[in-house]
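Protein chains: 2
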Amino acid sequence: MADDSTGRSPAGERVWQAACELFSRDGIRSVGVAEIAATSGVGKPSLYRNFGSKDELAVAYVKAQAVAGLESFEVARQACPGDELAQLRHVIARVAGEMGTPGYRGCVIANTAIEFSDREHPVRQAVDELKAEYLRRLTTLVARLPVRDPEALAYTLQILMEGAGAAAQFYSVERSRATLVEAADRIIASYLRQ
Amino acid sequence: MADDSTGRSPAGERVWQAACELFSRDGIRSVGVAEIAATSGVGKPSLYRNFGSKDELAVAYVKAQAVAGLESFEVARQACPGDELAQLRHVIARVAGEMGTPGYRGCVIANTAIEFSDREHPVRQAVDELKAEYLRRLTTLVARLPVRDPEALAYTLQILMEGAGAAAQFYSVERSRATLVEAADRIIASYLRQ
DNA sequence: TCGCTTGCGTACCGATCGGTACGCCTGTCT
DNA sequence: AGACAGGCGTACCGATCGGTACGCAAGCGA
């Protein structure tokens with residue numbers, strides 16, 4: 001779960017682990033700092049010494065989740081060097097695969113954007129930046145393919161992934177996963193030059 | 001904003017209007033009952049006399065939003081009788097058009113599902129039922145088209161609409177709207193017989 | 001052994017949450 | 001006029017929120 005253990009005390013590390021677990025399961029706003037402290041078995045002040053506030057902890061969590069997602073581009077590049085189409089499929093498959101994890105609750109970043117509707121809120125601003133970065137990487141990858149309108153295709157794929165993650169929550173995980181890869185293939189095919 | 005004014009006192013009606021406005025703008029959990037009462041200019045007890053609790057008020061709000069969405073199927077049927085493809089495009093265009101409303105914050109029902117991650121919560125259960133109903137209607141409509149796999153197509157379109165609504169929040173409203181109709185057309189075309 | 005720093009938990013803070021006890025005020029029927 | 005019923009707001013409730021003051025205990029060099 002993306003542990004960038006940068007100068008964290010033992011108690012701080014336990015807080016971090018508990019926070020990631022609880023945030024992933026219930027969202028951010030549903031989890032109180034007292035619950036995080038109790039779950040991790042440390043006192044609240046240890047939370048505030050290692051992270052300045054609940055908001056900062058939330059930002060760290062969201063960023064950690066995001067880098068895990070962004071890494072998939074690098075992983076795909078190394079898995080299928082030179083074959084950009086295979087890389088794109090790899091990235092999409094990663095999103096589809098993630099839906100299989102027990103208690104899957106959709107894209108953490110997208111969910112956090114909804115939990116923090118105020119665009120001036122620091123957590124929301126982090127979310128918006130991270131979402132933009134993901135789309136940028138996806139567009140860069142798609143632009144390497146022989147397609148007519150790479151930006152449109154990238155945006156369409158982004159929407160598909162977003163929607164599949166959301167649908168997995170109130171519809172079927174399995175159908176969402178299957179539909180995502182199937183639809184992505186159809187869309188990609190419709191954009192590929194011949 | 002879908003006023004099913006069933007036996008609501010004047011004060012209750014003001015509460016209802018204020019609640020719809022605030023819930024739409026900030027989400028449900030971000031809005032306290034005190035804020036609703038203050039905005040509507042009535043006391044809190046009037047809220048609790050007309051609606052039993054904040055949860056019941058939230059359920060009423062979510063249902064009202066949902067029926068507004070479900071009505072679009074009927075509207076489409078009357079606008080283009082006999083032409084199911086045009087009806088489908090009509091329904092999709094309605095979702096796309098809704099994104100243009102100022103302060104658009106994505107699909108209310110989907111957002112509420114994220115705000116209430118506990119599937120046993122009454123608000124969440126209402127959300128899940130309403131989402132299922134929407135997909136059912138969409139599937140019924142798609143099944144009238146000469147397509148190979150109507151259920152798959154309906155689910156794909158659902159995911160597209162879901163994703164476009166989400167993307168409109170942290171990306172561009174205009175791109176999300178344009179991409180939704182464009183992608184839907186491509187997907188539909190790829191499923192149509194010949 | 002002393003004094004000091006460091007890391008930590010207990011117990012508390014004010015603010016806000018959803019929800020309610022209670023009384024006022026008005027219109028109506030007698 | 002007087003008794004009554006309904007719709008309403010003030011002022012409060014306990015619980016929980018994020019955040020903090022403070023003191024204890026362990027490890028260190030002298």
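Top line first, the protein sequences correspond to chains A and B. Per UniProt numbering, the very first residue in the first sequence carries number 1; after that it's consecutive. Per UniProt numbering, the very first residue in the second sequence carries number 1; after that it's consecutive. Glycine residues also receive a C-beta, built at the ideal position from the N, C-alpha and C atoms.
A:V147 - DSSP class collapsed to helix/strand/coil: strand
For my contact list, A:V62 and A:V42 are in at a C-beta cut-off of 8 Å; report their separation, rounded to the angstrom. With 8 Å as the limit, A:V62 and A:V42 do not qualify as a contact, their Cβ atoms being about 22 Å apart.
Proximity below 8 Å, CB of B:L192 to CB of B:P146: yes
Pull the bridge partners of A:L192 from the DSSP assignment, please. A:V147
Contact between the region 37 to 51 of chain B and the region 75 to 83 of chain B: three or more CB pairs below 8 Å? no
Within the 8 Å Cβ cut-off, does B:Y61 reach chain A? no
Minimum length 3: unbroken beta strand (DSSP E) runs contained in the region 65 to 120 of chain B: Whole beta strand (DSSP E) segments, 3+ residues: zero.
Is A:G165 helix, strand or coil by DSSP? Shown here, A:G165 sits in a helix according to DSSP, grouped into three states.
Which chain B residues sit within Cβ distance under 7 Å of A:E162? Within chain B, the residues G163, A166 and A167 have their CB atoms less than 7 Å from the CB of A:E162, given in chain order.
List the residues of chain B whose Cβ lies closer than 9 Å to the Cβ of A:G7, in chain order. Those do not exist, as A:G7 stays about 31 Å from chain B at its closest Cβ, beyond 9 Å.
Out of curiosity, what's the CA-to-CA distance linking A:A154 and B:P45? C-alpha separation (whole angstroms): 51 Å.
Determine the extent of the alpha helix (DSSP H) in which B:R49 is found, giving its start and end residues. K44 to N50
In three-state DSSP terms, what is A:Y61? helix
If the criterion is Cβ atoms closer than 8 Å, does the pair A:L47 and A:V31 meet it? When the beta-carbon positions are compared, A:L47 and A:V31 stay at least 8 Å from each other.
Return the first residue and the last residue of the alpha helix (DSSP H) that A:G12 is part of. It spans P10 to D26 - the alpha helix (DSSP H) in which A:G12 sits, taken as one unbroken run.
Same chain, Cβ closer than 8 Å to B:C80, neighbours up to 5 away in sequence not counted: A86, Q87 and H90
Coil, strand or helix - A:A2 by DSSP: Note on A:A2: pLDDT 44, under 50, position unreliable in the model; the coordinate value appears next. Secondary structure of A:A2 (DSSP, three-state): coil.
So is the beta-carbon of B:H121 under 7 Å away from any non-hydrogen atom of the ligand COA? For the ligand COA, the structure offers nothing, since it holds no ligand at all.
Endpoints, alpha helix (DSSP H) assigned at B:Y171: Counting along the chain, B:Y171 falls outside any alpha helix (DSSP H), and DSSP gives it neither H nor E.
Give the DSSP-derived three-state secondary structure of B:R137 in the structure shown. Helix.
Compute the distance between the beta-carbons of B:I114 and B:L130, then report whether it is under 8 Å. no
Contacts that B:S30 makes with chain A (C-beta to C-beta distance below 9 Å): Going along chain A in sequence order, the residues near B:S30 (Cβ under 9 Å) are R29, E115, F116, S117 and D118.
Between B:A58 and B:V181, how many whole angstroms is the CB-CB distance? I'm expecting something under 8 Å. That pair is no contact at about 31 Å.
Alpha carbons only, please: which of A:A183, A:E162 and A:E21 is nearest the one belonging to A:N111? Residue A:E162 is the option with its Cα nearest to A:N111.
Which of the residues in the region 118 to 149 of chain A, read from start to end, lie with their CB under 7 Å from any CB of chain B? V127, D128, K131 and L135
Using the C-alpha atoms, what's the distance from A:L160 back to A:R137? 16 Å
Consult DSSP for A:R124 and reduce its assignment to one of helix, strand or coil. helix
Reduced DSSP category for residue 232 of chain B - H, G, I as helix; E, B as strand; rest coil: The displayed coordinates of chain B run from 1 to 194. Any statement about residue 232 of chain B would go beyond what the structure contains.
Applying the criterion that 16 or more other CB atoms from any shown protein chain within 10 Å of the CB defines a buried residue, is B:D3 buried or exposed? Note that B:D3 has pLDDT 47, beneath the 50 cutoff, so the model's placement of it is unreliable and the number below is only indicative. Counting Cβ neighbours within 10 Å, B:D3 comes out exposed, since fewer than 16 surround it.
A:A152 and B:T179 look like a contact to me (Cβ under 8 Å); what is the Cβ gap, rounded to whole Å? With 8 Å as the limit, A:A152 and B:T179 qualify as a contact, their Cβ atoms being about 7 Å apart.
If I measure Cβ to Cβ from B:A93 and keep anything under 7 Å in the same chain, skipping five residues before and after, which residues do I get? V181
DSSP-derived helix/strand/coil call for A:S40: helix
Pick from B:K54, B:S9 and B:D128: whose alpha carbon is nearest that of B:C20? B:K54
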